[in-house]
Amino acid sequence: MPTELTATDFLKRAARVAEHFGFLSIAECHKHPDCKNCVGTLRHTASMQDRRLDALHGMLTAGISTYTTGKLHGIQSPILCYSIEHVPRTGEAALSMQVFNVEKSIAESLLIQASRAIARELGFGEQVVRVNSVGDSDSVARYTRELTNFMRKRAADLPPAARELMKDHVIDALLHLIEKDHELSYRSPSPLEYLSDASRRHFREIVEYLEMSETPYEIDPKLIGHLNCYSDGIFAIDAHNPSADNPPAQSTQHGTASLFIRGGRYNTFMRRHTKQEIPAAGAVVILRGKKAPRRTPAAQTQRPSVYLVQLGFGPKIRSLMLLDLLRQAGVPTYQNLASDSLSTQLRDAEERGVKYVVIIGQKEYVDNAAILRNLHARSQEQVPFTDLVARLKRSVSATSQ
433 MPTELTATDF LKRAARVAEH FGFLSIAECH KHPDCKNCVG TLRHTASMQD RRLDALHGML
493 TAGISTYTTG KLHGIQSPIL CYSIEHVPRT GEAALSMQVF NVEKSIAESL LIQASRAIAR
553 ELGFGEQVVR VNSVGDSDSV ARYTRELTNF MRKRAADLPP AARELMKDHV IDALLHLIEK
613 DHELSYRSPS PLEYLSDASR RHFREIVEYL EMSETPYEID PKLIGHLNCY SDGIFAIDAH
673 NPSADNPPAQ STQHGTASLF IRGGRYNTFM RRHTKQEIPA AGAVVILRGK KAPRRTPAAQ
733 TQRPSVYLVQ LGFGPKIRSL MLLDLLRQAG VPTYQNLASD SLSTQLRDAE ERGVKYVVII
793 GQKEYVDNAA ILRNLHARSQ EQVPFTDLVA RLKRSVSATS Q
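In this note's numbering, the protein residues as written are 433 to 833.
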């Protein structure tokens, strides 16, 4: 691992990891038959100013343009895509990952896992995930009401800038207080206290994923996105290279560069600007201090001969963990973690022509094992999780020789 991480190296390796987790380049998504044959149009009303509400220079909510102008609305199934970006004004290199048509918490969990894997691949091994939730529209309405009452009662204690920002939206005032580390930001209501039952379940599932995967995390009530943009899960990943000297507290240096990782669900933004219910979540990984190259490097990913099939919440989490272990072992893998249909996943595996299928259902999850099916030999066996990665690595290596 070189001590100096270049922007080109960052983008190549980040894209390769994203593809392992099932994200396709925008160009590949456009090759989908339902996208190519889509004749209807979908327009959006989001301006650049609207997009900047994501606090990520508009790179997260740029997904709305990707979705509409690329005619991805013609695809009814889950869509996982990535794009290489230049951070506005600074020109820094960034990779954006988007998940569309997935309402369940597996979308945020997959984005967190893929983002963490990118950081580890680049040498940022020590990580803490910070999570929060602003909830759905009902949750936001309750939270906005309480936050407005809180601010009005303390108007005399607000800085002039915060009082001015309240004229636009109370959340603007709160975000200003958080940025300035004002003492009122620590006393303000937490959005977690006003979540609807559905949003509470959604957030609990994200936390359960973090706990079951033994991911270091903390619930950060001050990790708040603009309420006209975000809904439900929001996350940030603080990662640093343990070999670096004097790492900063939140975005630690790797040579002269550092990683900034943040993401979340922005259903509210999509609904506001398309007038349609389009589940959308994303994450952006920025390499601070490094200008993006003029030419976009292409990821060179080996065609997988393994397909990972799961059924159920526990098996999804186990599959997410296994997916990263297979990446580290150099075993390319297909998956459709957003699917809840066993037959759909098996049919997809057959169509892709893979040789091996790994099946994790509830029974296998409890037994700490998986079914390893050889589609060419039409045989299958149960393999303990402890042996599965090594077994697949040997099998894939033998197949490629």
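Glycine included, each C-beta is placed from N, C-alpha and C at the ideal position.
Secondary structure of residue i, DSSP reduced to three states
{"i": "P623", "result": "helix"}
{"i": "R863", "result": "For residue 863 there is no data in the structure shown, the boundaries of the chain being 433 and 833."}
{"i": "Q794", "result": "helix"}
{"i": "D780", "result": "helix"}
{"i": "S645", "result": "coil"}
{"i": "Y693", "result": "Before going on, a small fix: residue 693 reads as Ile here, not Tyr. Residue state, collapsed to three classes: strand."}
{"i": "S829", "result": "helix"}
{"i": "V449", "result": "helix"}
{"i": "C513", "result": "strand"}
{"i": "S479", "result": "coil"}
{"i": "V786", "result": "coil"}
{"i": "I496", "result": "helix"}
{"i": "T440", "result": "helix"}
{"i": "T473", "result": "coil"}
{"i": "E640", "result": "helix"}
{"i": "T818", "result": "helix"}
{"i": "M433", "result": "With a pLDDT of 39 at M433, under the threshold of 50, the modelled position of that residue is not reliable, and the figure given next carries that caveat. Coil, per DSSP."}
{"i": "H910", "result": "Not covered by the structure: residue 910. The range shown for the chain is 433 to 833."}
{"i": "R586", "result": "coil"}
Identified DSSP bridge partners for residue i
{"i": "H841", "result": "Past the edges of the chain, shown from 433 to 833, lies residue 841, and the structure says nothing about it."}
{"i": "Q812", "result": "R805"}
{"i": "T501", "result": "DSSP lists no partner for T501."}
{"i": "S569", "result": "None; S569 has no bridge partner."}
{"i": "S663", "result": "R697"}
{"i": "V563", "result": "I651, F667"}
{"i": "Y575", "result": "Y575 is not bridged to any residue."}
{"i": "S457", "result": "Y514"}
{"i": "Y618", "result": "DSSP, once it has assigned bridges, lists no residue as partnering Y618."}
Other residues of its chain near residue i: CB distance less than 8 Å, five sequence neighbours each side excluded
{"i": "C467", "result": "C461, G502, K503, L504, G506, I507"}
{"i": "R810", "result": "none"}
Range of the contiguous beta strand (DSSP E) that encloses residue i
{"i": "A526", "result": "524-532"}
{"i": "V741", "result": "738-742"}
{"i": "G721", "result": "712-723"}
{"i": "Q767", "result": "765-767"}
Contact set for residue i: own chain, Cβ-Cβ below 7 Å, skip 5 residues either direction
{"i": "M753", "result": "S645"}
{"i": "A801", "result": "Q814, V815, P816, F817"}
{"i": "L755", "result": "F453, L740, T765, Q767"}
{"i": "V717", "result": "A446, A526, L527, S547, I550, L691, I693"}
Unbroken alpha helix (DSSP H) run spanning residue i, endpoints
{"i": "Q545", "result": "538-553"}
{"i": "T707", "result": "One point to set straight first is that residue 707 is Lys, not Thr, in the sequence displayed. Per DSSP, K707 belongs to no alpha helix (DSSP H) and is neither H nor E."}
{"i": "L758", "result": "745-760"}
{"i": "I603", "result": "602-611"}
{"i": "A594", "result": "592-597"}
{"i": "C467", "result": "465-468"}
Cα-Cα separation, residue i to residue j
{"i": "L437", "j": "I651", "result": "30 Å"}
{"i": "I693", "j": "P591", "result": "30 Å"}
{"i": "P764", "j": "P736", "result": "5 Å"}
{"i": "T440", "j": "E517", "result": "12 Å"}
{"i": "N564", "j": "S571", "result": "13 Å"}
{"i": "L769", "j": "A713", "result": "15 Å"}
{"i": "Q545", "j": "A588", "result": "44 Å"}
{"i": "I792", "j": "A671", "result": "30 Å"}
{"i": "G744", "j": "Y662", "result": "27 Å"}
{"i": "K444", "j": "G555", "result": "14 Å"}
{"i": "T411", "j": "F442", "result": "Any property of residue 411 remains undetermined from this structure, which presents the chain solely from 433 to 833."}
{"i": "K536", "j": "R595", "result": "37 Å"}
{"i": "L757", "j": "V821", "result": "7 Å"}
{"i": "P679", "j": "S827", "result": "For P679, the predicted structure reports a pLDDT of 45, less than 50, and the residue's modelled location is therefore unreliable. The matter cannot be settled from this model."}
{"i": "G657", "j": "H808", "result": "49 Å"}
{"i": "I666", "j": "V531", "result": "14 Å"}
{"i": "R577", "j": "N699", "result": "21 Å"}
{"i": "A573", "j": "H634", "result": "18 Å"}
{"i": "L474", "j": "T500", "result": "5 Å"}
{"i": "Y641", "j": "D664", "result": "15 Å"}
{"i": "L804", "j": "A494", "result": "40 Å"}
Other residues of its chain near residue i: CB distance less than 6 Å, five sequence neighbours each side excluded
{"i": "S617", "result": "L609, I610"}
{"i": "R823", "result": "V815"}
{"i": "P725", "result": "A439, T440"}
{"i": "P510", "result": "N533, V534, A770"}
{"i": "D677", "result": "Reliability fails at D677, whose pLDDT of 49 lies under 50, so the model's placement of it is uncertain and the value that follows must be treated cautiously. Once the five neighbours on either side are set aside, D677 has no close Cβ partner at all."}
{"i": "Q708", "result": "none"}
{"i": "Q777", "result": "V741, N768, S771"}
{"i": "R484", "result": "G490"}
{"i": "S515", "result": "I458, S528"}
{"i": "P623", "result": "V566, Y575"}
{"i": "L456", "result": "C513"}
{"i": "A478", "result": "I496, H705"}
{"i": "R697", "result": "S663, D664, G665, A713"}
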